[in-house]
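Only one structure is covered here, and it is reproduced in the block below.
Residue numbers (UniProt numbering), protein chains in the order written: chain L, 1 to 76; chain W, 1 to 335.
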């Protein structure tokens with residue numbers, strides 16, 4: 001998956017109303033809560049076979065930081 | 001020779017807590033989204049002086065309107081909300097229900113994996129000719145362990161008790177069961193204080209986790225992301241192993257009844273297993289996650305709502321421990 005499609009998928013699956021880009025801080029979004037975390041864990045697990053653990057979730061700030069946690073090598 | 005589930009009954013406490021009630025306490029939370037994702041509309045909590053045993057007695061008395069209580073040869077009591085440190089709650093239950101004295105009674109401490117465990121033990125007791133009728137009770141009041149400001153867990157967990165009668169049968173209605181344990185995850189879902197390792201702490205520090213949930217070590221703590229990861233990694237494969245052990249494929253099974261933990265997670269597992277929605281039970285809107293009681297409640301409701309003679313059902317429980325278990329049962333008529 002390329003970065004652009006991933007961001008689009010985040011936008012849709014997390015049901016975000018405001019448009020996001022690489023520098024958007026996910027936890028500042030109005031929609032961010034424990035259910036968003038759960039959906040994100042499911043999405044990343046399904047798409048990349050990567051498990052986001054408690055510490056990973058703590059570390060997430062921007063969309064780019066999430067991509068780094070998932071691993072740059074997983075993106076086209 | 002074999003065993004069969006003859007009846008299941010369940011009770012919720014009288015105190016119903018709707019999402020609207022919770023919204024009053026947590027006005028900033030999106031409970032519509034919660035209802036859509038997690039699938040819970042309301043849960044029931046005991047009042048201060050009501051215990052899991054009180055619920056268990058009610059569930060058993062409901063069962064005894066259909067069967068003779070004097071038939072019971074053994075009580076299996078699944079709880080993590082025992083009446084006392086000691087004695088065994090199952091012994092107290094024997095007396096409260098005025099059951100025979102020449103019967104066995106034991107508690108076992110398991111959460112969401114407890115029901116398949118209980119069925120498997122009942123099957124073992126019956127198929128080895130030791131007893132004819134086993135009363136399997138699940139009773140839990142996690143609400144007592146929750147911090148008043150732990151929004152996430154207050155929204156998810158509900159109290160309940162169930163009573164199942166498993167009896168000797170000329171024909172076998174039980175398939176094989178499998179189990180799994182990973183104690184390295186013991187602290188992913190835990191009440192730390194108040195038992196042997198750590199005393200109850202009257203000055204326990206308040207901690208914040210996840211999205212503004214508060215708890216202390218006297219309360220129940222759940223590491224949601226880790227529990228989700230455990231479930232998504234272990235349970236789909238385990239469900240396949242249960243099928244394999246019973247020489248069945250997904251197509252052979254009428255219904256998959258997994259522990260009703262949370263609707264989103266159940267759907268995630270369902271998609272992994274590629275099971276159609278109508279064969280995968282998902283309903284926790286009334287009652288929420290009632291720990292070891294979700295599977296018997298689901299079995300009861302499923303059998304009441306559908307007309308059939310016999311159906312093969314796979315049940316799988318998973319959670320606190322970490323612990324998981326599952327097996328094949330054939331259910332007959334309305335339970």
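C-beta: ideal position from N, C-alpha, C; glycine also.
Residue span of the alpha helix (DSSP H) that contains residue i, given as start and end
i                      : result
residue 244 of chain W : 224 to 245
residue 13 of chain L  : 3 to 13
residue 43 of chain W  : From DSSP, residue 43 of chain W is part of no alpha helix (DSSP H) but of the beta strand (DSSP E) over 42 to 44.
residue 37 of chain L  : 34 to 48
residue 263 of chain W : 263 to 273
residue 37 of chain W  : 31 to 38
residue 22 of chain W  : 19 to 25
residue 55 of chain W  : 52 to 63
residue 59 of chain L  : 54 to 59
Where residue i falls: helix, strand or coil (DSSP)
i                      : result
residue 308 of chain W : coil
residue 9 of chain W   : strand
residue 95 of chain W  : helix
residue 155 of chain W : helix
residue 103 of chain W : coil
residue 140 of chain W : strand
residue 74 of chain L  : helix
residue 14 of chain W  : coil
residue 290 of chain W : coil
residue 188 of chain W : helix
residue 84 of chain W  : coil
CA-to-CA distance, residue j to residue i, given in whole angstroms
i                      : j                      : result
residue 148 of chain W : residue 215 of chain W : 8 angstroms
residue 29 of chain L  : residue 303 of chain W : 44 angstroms
residue 226 of chain W : residue 100 of chain W : 44 angstroms
residue 210 of chain W : residue 34 of chain L  : 6 angstroms
residue 136 of chain W : residue 103 of chain W : 13 angstroms
residue 60 of chain L  : residue 150 of chain W : 23 angstroms
residue 23 of chain W  : residue 320 of chain W : 28 angstroms
residue 31 of chain L  : residue 191 of chain W : 30 angstroms
residue 145 of chain W : residue 3 of chain L   : 43 angstroms
residue 221 of chain W : residue 1 of chain W   : 44 angstroms
residue 181 of chain W : residue 322 of chain W : 6 angstroms
residue 21 of chain W  : residue 127 of chain W : 48 angstroms
residue 326 of chain W : residue 242 of chain W : 7 angstroms
residue 139 of chain W : residue 48 of chain L  : 39 angstroms
residue 196 of chain W : residue 85 of chain W  : 10 angstroms
residue 186 of chain W : residue 56 of chain L  : 20 angstroms
Contact list for residue i against chain L, beta-carbon separation under 8 angstroms
i                      : result
residue 224 of chain W : 34, 37 and 38
residue 229 of chain W : 41, 45, 51, 52 and 53
residue 38 of chain W  : 35
Residue i, enclosing beta strand (DSSP E) - first and last residue
i                      : result
residue 328 of chain W : 323 to 332
residue 78 of chain W  : 74 to 78
residue 408 of chain W : There is simply no residue 408 of chain W to check, as chain W begins at 1 and stops at 335 in what is shown.
residue 168 of chain W : 160 to 169
residue 256 of chain W : 255 to 258
residue 115 of chain W : Run containing residue 115 of chain W: none in the beta strand (DSSP E); it sits in the alpha helix (DSSP H), 114 to 127.
residue 25 of chain L  : From DSSP, residue 25 of chain L is part of no beta strand (DSSP E); its letter is neither H nor E.
residue 213 of chain W : 213 to 215
residue 145 of chain W : Careful: residue 145 of chain W lies outside any beta strand (DSSP E) and carries neither H nor E.
residue 200 of chain W : Residue 200 of chain W -> no beta strand (DSSP E), and no H or E assigned at all.
The ligand HEM heavy atom lying under 7 angstroms from the CB of residue i
i                      : result
residue 270 of chain W : Of the ligands one can find in the structure shown there are none, so the ligand HEM has no counterpart to examine.
Interface partners of residue i on chain W, CB under 8 angstroms
i                     : result
residue 57 of chain L : 225
Chain L residues whose Cβ lies nearer than 7 angstroms to that of residue i
i                     : result
residue 33 of chain W : 35
For residue j and residue i, believed in contact at Cβ under 8 angstroms, the rounded distance
i                      : j                     : result
residue 368 of chain W : residue 76 of chain W : Outside the shown range of chain W (1 to 335) lies residue 368 of chain W, about which nothing can therefore be said.
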